[in-house]
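Below is one structure; the comments refer to it alone.
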Amino acid sequence: MFGRGIHLFRLFGFSVKLDWTWSILAILVTWSLAVGLFPALQPGLTPESYWIMGAFGALGLFFSIVFHEFFHALVARMNGIKMRGITLFLFGGVAEMAEEPPSPRSEFLMTIAGPISSFFLGGFFLILNLLLGAVLAGPVSAVIGYLGVINIILAVFNMIPAFPLDGGRILRSALWAWKGDVRWATKIASNFGSAFGILLIVLGVLSFLRGNLIGGLWWFVIGIFVRNAAASTYQHVLLREVLQGEPVRNFMRPNPVVVSPHLTLRELVEDYVYRHHFKMFPVVEGGLLLGRIDVEQLKDIPREEWDMRLVRDHLEPMSEDNTLHPNTDAMKAFTKMQHLGTRLLVAEGNAVLGILAMRDMIRVFALKMELEEGAPARPEDRDREDQRAA
Ligand SMILES: [Zn+2]
Numbered sequence: 000m001f002g003r004g005i006h007l008f009r010l011f012g013f014s015v016k017l018d019w020t021w022s023i024l025a026i027l028v029t030w031s032l033a034v035g036l037f038p039a040l041q042p043g044l045t046p047e048s049y050w051i052m053g054a055f056g057a058l059g060l061f062f063s064i065v066f067h068e069f070f071h072a073l074v075a076r077m078n079g080i081k082m083r084g085i086t087l088f089l090f091g092g093v094a095e096m097a098e099e100p101p102s103p104r105s106e107f108l109m110t111i112a113g114p115i116s117s118f119f120l121g122g123f124f125l126i127l128n129l130l131l132g133a134v135l136a137g138p139v140s141a142v143i144g145y146l147g148v149i150n151i152i153l154a155v156f157n158m159i160p161a162f163p164l165d166g167g168r169i170l171r172s173a174l175w176a177w178k179g180d181v182r183w184a185t186k187i188a189s190n191f192g193s194a195f196g197i198l199l200i201v202l203g204v205l206s207f208l209r210g211n212l213i214g215g216l217w218w219f220v221i222g223i224f225v226r227n228a229a230a231s232t233y234q235h236v237l238l239r240e241v242l243q244g245e246p247v248r249n250f251m252r253p254n255p256v257v258v259s260p261h262l263t264l265r266e267l268v269e270d271y272v273y274r275h276h277f278k279m280f281p282v283v284e285g286g287l288l289l290g291r292i293d294v295e296q297l298k299d300i301p302r303e304e305w306d307m308r309l310v311r312d313h314l315e316p317m318s319e320d321n322t323l324h325p326n327t328d329a330m331k332a333f334t335k336m337q338h339l340g341t342r343l344l345v346a347e348g349n350a351v352l353g354i355l356a357m358r359d360m361i362r363v364f365a366l367k368m369e370l371e372e373g374a375p376a377r378p379e380d381r382d383r384e385d386q387r388a389a
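Note that numbering that gives the first Met the number 0 gives residue 315 to position 316 of the sequence shown, counting from 1, and the numbers run on in steps of one.
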């Protein structure tokens with residue numbers, strides 16, 4: 000979801016990244032604390048003091064969210080789930096998994112860890128404030144008190160049973176454990192998520208109309224995010240059902256049109272790109288795959304140089320990142336594509352076998368859904384699943 004975040008630091012082996020949208024959240028939080036909450040809690044201070052308090056409040060919120068996500072990531076790793084890292088973005092944070100939890104138990108444990116950690120962190124700040132409140136300066140105490148309350152709110156809000164919130168994941172893991180059907184469990188949890196998203200959108204609009212412009216807009220945008228995330232999670236589960244366990248050779252386009260490294264770029268464009276309408280060609284010489292050439296790359300080369308330049312000088316050599324083995328699991332390939340581009344070569348040794356395009360995989364998926372949607376997971380499917388596992 001977030002490929003281009005800025006890497007901040009590593010925490011027990013997890014990379015903590017910042018998506019640029021986080022800065023919007025930081026500004027909103029600082030602003031609303033500096034002109035809203037803190038002047039109301041501690042009247043009579045200078046505006047500068049309120050802005051400094053607001054900045055510390057936002058910094059504390061940053062710390063609190065990393066703390067929450069860190070516990071998700073840690074418990075996930077203890078349960079054998081590969082983690083990509085922690086990313087902070089517009090709506091808080093996310094502990095990104097490289098794969099979905101393998102069992103309801105692991106999903107339950109890794110999820111509940113987040114709200115519990117926030118609950119304890121909130122309690123810690125509140126108790127600290129209670130014990131030291133008398134000796135601390137007013138502004139310091141106000142910031143600590145805010146962090147105590149905000150962490151409790153974070154814990155409670157996240158427990159709302161609406162996917163993709165933690166509560167929605169917990170609901171899904173419970174339903175999944177109950178009936179053993181992850182598709183059905185996800186469907187229910189994401190329906191709750193969609194409904195909750197719509198509720199937030201409506202509340203946002205009402206709040207906006209009542210004059211709370213930024214607050215209303217904020218809930219509206221969060222509502223849209225929750226709704227989309229709920230729907231896409233369900234689609235992801237369906238996608239996994241279709242792709243997992245299938246080799247990529249079942250989805251690739253076999254016998255692709257290949258080009259010679261000695262073609263000029265103009266020949267490539269006129270004889271291949273315009274004729275076949277493909278965006279990528281494997282470059283092959285004497286039956287050996289050398290690499291690939293993408294139409295995208297040509298855009299940066301001035302047209303008048305197309306006659307002088309050869310495919311050979313612009314090809315992208317074969318590597319782990321752009322080539323798949325035909326027996327690679329299709330779900331793994333799909334995940335790889337989300338990070339490395341929507342077209343990959345399928346090759347065995349130095350022989351090119353086909354091209355795998357994300358579009359083709361999605362087309363097969365859509366077709367399957369059209370034929371099967373609404374139908375409950377059939378028992379035959381599960382038998383096949385068991386044979387595969389055996
Ligand atoms: Zn969480």
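In this text, a Cβ means the ideal position worked out from N, Cα and C, and glycines have one as well.
Here's a check: name, in chain order, each residue in its chain whose Cβ is nearer than 8 angstroms to the Cβ of residue i, leaving out the five neighbours to either side.
i    : result
V65  : L10, V15, I85, L87, G92
E295 : K278
F333 : L238, L242, M357, M360
P316 : L289, G290
F123 : G147
Using a threshold of 8 angstroms, state whether the C-beta atoms of residue i and residue j are closer than that.
i    : j    : result
I149 : S63  : yes
L264 : L297 : yes
L314 : P255 : no
V225 : G215 : no
A57  : T29  : yes
I169 : I111 : yes
I354 : L344 : yes
A154 : R171 : no
P281 : V351 : yes
P325 : R248 : yes
G147 : N157 : no
R346 : T322 : Rather than Arg, the amino acid found at residue 346 in this sequence is Ala. Yes. Within cutoff.
F37  : A161 : no
E240 : R182 : yes
L267 : V310 : yes
P100 : I80  : yes
V363 : F207 : no
L287 : N349 : yes
V258 : Y273 : no
P138 : Q234 : no
F69  : I221 : no
L202 : W218 : yes
Only counting the same chain, and skipping five residues up and downstream in sequence, which positions put a Cβ closer than 6 angstroms to that of residue i?
i    : result
D293 : M279
A33  : Y49, W50, G53
A75  : M82, M109
H67  : G113, S116, S117
F13  : A72, G84, I85
D18  : F1, G4, T86, F88
R308 : L264
R377 : Here R377 scores only 42 on pLDDT, less than 50, and its place in the model should not be relied on; the value that follows carries that caveat. No residues qualify anywhere along the chain.
G390 : Absent from the structure is residue 390, since the part of the chain shown begins at 0 and ends at 389.
I159 : G166
A329 : L242, E245, V247, F250
I25  : Note on residue identity: the sequence assigns Ala, not Ile, to residue 25. So the qualifying residues of the chain are A57.
Can you give me the Cβ contacts of residue i inside the same chain, cut-off strictly under 7 angstroms, excluding the 5 residues immediately before and after it?
i    : result
A388 : Because A388 carries a pLDDT of 34, less than 50, the predicted location of this residue cannot be relied on, and the following value inherits that uncertainty. Excluding positions up to five away in sequence, the list is empty.
P253 : L352, G353
E319 : none
F8   : V15
F55  : V142
S22  : none
N128 : S140, I143, G144, G147
H6   : S14, K16
Tell me, please, whether the segment 164-175 touches the segment 106-116 by the rule of three or more beta-carbon pairs shorter than 8 angstroms.
-> Touching, yes, given that three or more Cβ pairs across the two stretches are closer than 8 angstroms.
Decide yes or no for the touch test of the segment 29-47 against the segment 126-135: beta carbon pairs closer than 8 angstroms, at least 3 of them.
-> Flag = no, the segment 29-47 and the segment 126-135 do not touch.
When a residue counts only if its C-beta is closer than 6 angstroms to some heavy atom of ligand 1, which residues count, in chain order?
-> Here the residues close to ligand 1, judged by CB distance below 6 angstroms to any of its heavy atoms, are H67, H71, G113, N157, D165 in chain order.
Entirely within the segment 313-355 and at least 3 residues each: give me those beta strand (DSSP E) ranges in chain order.
-> Complete beta strand (DSSP E) runs here, min 3: 342-347.
Three or more C-beta pairs closer than 8 angstroms, one from the segment 190-202 and one from the segment 229-238: is that the case here?
-> Three or more Cβ pairs closer than 8 angstroms define a contact, and the segment 190-202 meets that threshold against the segment 229-238.
Completely contained beta strand (DSSP E) runs for the segment 117-149, where each covers 3 or more residues = None, since the segment 117-149 contains no complete beta strand (DSSP E) of that length.
Go through the segment 46-124 residue by residue and report every complete run of the beta strand (DSSP E) that reaches 3 residues or more, in order.
-> If we require 3 residues or more, the beta strand (DSSP E) runs fully inside the segment 46-124 come out as 82-88, 91-96.
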